[in-house]
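Have a look at the structure below before the remarks.
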Amino acid sequence: MLLKKFFVTGVIVFYLYTLAFGIFMTDLLRIPAPLIFCLLLIFFLQKPVQKFSYYYEMVVFAISLFLYFIVGMGDYKAFFAVFVTIGTCAIYFNYFIGLSKQRFNVSVYIFFALLMLSMVIMVLDHSYSSIIDPLRSRMLDEQVKQAPSGLSITQFTFGYQVAAFTVFVFVAACTFKQNIILKALVLGACLICIYLGMNRSAFVSFGGAVVIFLFIYYRYKAVLLVVFTIAIGFAVYTYVLKGNMDEKNNILSKNQAKEANEYNRANLAAENLKIFADYPFGLIFYGKTWDDVTYRNPLFTFGLSSHNAYLMFITYLGPFLGLGLLGAIYYRVARLFFQTIKNIRYKNNALYLALFFAFIAVSLNALSHNGWLMSVDGPTIFLYFAILQYNNIYQPQKDTIDIIESRP
């Protein structure tokens with residue numbers, strides 16, 4: 008029995024590892040890694056087995072992926088990889104976690120422990136890049152492109168990790184009603200991760216999600232808390248970061264660098280809107296691809312996108328089909344969020360709120376990058392199904408199937 012528990016825990020870690028860091032197929036691993044690890048866990052289903060709860064989501068994802076990747080881009084490999092990753096995540100939460108609170112909590116803690124590992128590696132990468140960068144390549148089984156960073160190929164991908172991790176731990180520290188000293192320490196650690204993470208959009212996402220949380224959770228007291236948070240951030244920067252961290256590798260030095268403004272996000276979005284104005288019904292209805300419409304464009308000469316996942320999606324599918332599918336994808340999560348904030352002070356919602364606001368952070372981050380649900384960004388897809396499954400666990404469906412149980 009003990010051996011079985013170690014085995015199952017190990018498979019959980021490996022599955023969440025591949026999901027968190029976007030490992031699908033590599034030069035060494037020539038099989039869909041998330042699918043293999045997820046199928047191994049099927050042998051240890053939770054009893055009673057919940058009927059599949061995500062038919063609606065999978066149909067919406069299938070339609071969206073087909074129109075976006077196959078009709079729009081003609082990219083069959085991307086369609087297959089994304090659909091398999093989304094499908095395995097839905098299977099993992101629905102069948103393996105099922106209605107087990109313990110398995111759900113363990114999965115959440117393991118996932119964010121993996122993100123914390125990525126934060127630690129990012130911090131060490133600033134001082135020991137000659138050691139850390141080869142280690143990153145081995146851990147991801149792929150050549151890293153940017154440093155310093157955590158367990159990701161690029162700093163852009165790492166931005167989703169730092170946004171999800173920092174918002175989750177800060178909101179959790181507040182909702183689990185930790186003392187003020189611990190909250191201040193958590194906030195300081197979050198600011199250090201963002202400062203050294205060199206991702207400006209992650210900072211904006213963290214700030215946006217945290218401010219929304221504070222005003223909903225603390226109401227009128229939020230004004231003082233925001234001022235206090237800014238003061239803490241300024242103090243950490245002045246007395247901890249400014250004189251002790253490498254001036255060349257932080258979010259401020261990156262913002263001041265010449266190359267930081269070469270592809271201004273506002274200009275990229277404006278160029279994308281011009282393309283949208285030329286093809287208002289969506290590129291798929293004109294038989295055009297992104298490369299066709301960006302030919303000789305001053306900002307898109309090298310195939311650069313607008314770095315806005317939602318705008319790109321709508322540009323391909325048009326306002327009616329694109330916005331309709333976006334609404335269908337986010338409908339259940341949005342509905343659950345507004346239901347939850349009605350009882351935001353309820354102590355049993357502490358973990359739920361941390362998941363919600365972490366999801367808000369990564370969703371905001373997609374306004375400046377290409378990663379999102381439709382590209383199966385690791386933290387985003389995990390948080391999406393974690394929120395939906397949390398609701399299933401605490402409001403279990405009556406339809407279940409009895410099978411022979413095999414518990415870890």
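Numbering of the sequence shown is given in the working numbering, commencing with residue 8 and proceeding in unit increments. Even glycine gets a Cβ: it sits at the ideal position worked out from N, Cα and C.
Inter-residue spacing [alpha-carbon to alpha-carbon] between residue i and residue j
i, j, result
"P155", "F364", "26 Å"
"V56", "L192", "41 Å"
"Y83", "N350", "44 Å"
"N398", "T308", "46 Å"
"F419", "V18", "The structure shown does not extend to residue 419, since the chain is modelled only from 8 to 415, so the question has no answer here."
"I321", "I138", "42 Å"
"L306", "S312", "9 Å"
"F31", "V176", "27 Å"
"D140", "P386", "22 Å"
"Y167", "D384", "8 Å"
"F44", "A277", "42 Å"
"N279", "F327", "17 Å"
"Q402", "Y246", "48 Å"
"Y286", "H314", "19 Å"
"K265", "G310", "Reliability fails at K265, whose pLDDT of 44 lies under 50, so the model's placement of it is uncertain and the value that follows must be treated cautiously. C-alpha separation (whole angstroms): 21 Å."
"M319", "I188", "43 Å"
"I258", "Y224", "29 Å"
"T95", "I128", "28 Å"
Assumed close pair residue i, residue j - CB separation to whole angstroms, cut-off 8 Å
i, j, result
"A393", "F100", "7 Å"
"L324", "Y63", "With a Cβ gap of about 19 Å, L324 and Y63 do not count as contacting."
"I77", "F86", "5 Å"
"L121", "L23", "6 Å"
"S71", "L332", "5 Å"
7 Å Cβ cutoff met for residue i and residue j
i, j, result
"A335", "A373", "no"
"Q162", "N112", "no"
"V169", "A216", "no"
"K190", "A179", "no"
"L203", "I239", "no"
"L158", "F28", "yes"
"F435", "L26", "The displayed coordinates of the chain run from 8 to 415. Any statement about residue 435 would go beyond what the structure contains."
"Y116", "L52", "no"
"I400", "L48", "no"
"C200", "M146", "no"
"C197", "T173", "yes"
"T347", "Y338", "no"
"Y61", "A88", "no"
"R272", "S375", "yes"
Residue burial classification, residue i (beta-carbon count within 10 angstroms, cutoff 16)
i, result
"V230", "exposed"
"Q109", "exposed"
"Y135", "exposed"
"F50", "exposed"
"F213", "buried"
"Y302", "exposed"
"G378", "buried"
"F59", "exposed"
"S144", "exposed"
"V66", "exposed"
"G79", "buried"
"F119", "buried"
"Y227", "exposed"
"A242", "exposed"
"G329", "buried"
"G294", "exposed"
**Q.** 4 or more residues per run - each alpha helix (DSSP H) lying fully within the region 27–105
**A.** 40–48, 62–72 and 83–98
Q. Which residue spans inside the region 279–333 form an unbroken alpha helix (DSSP H) run of at least 4?
A. 297–300 and 316–324
Q | Segments of 4+ residues assigned as alpha helix (DSSP H) that fall wholly inside the region 129–190 | A | 136–147 and 162–182
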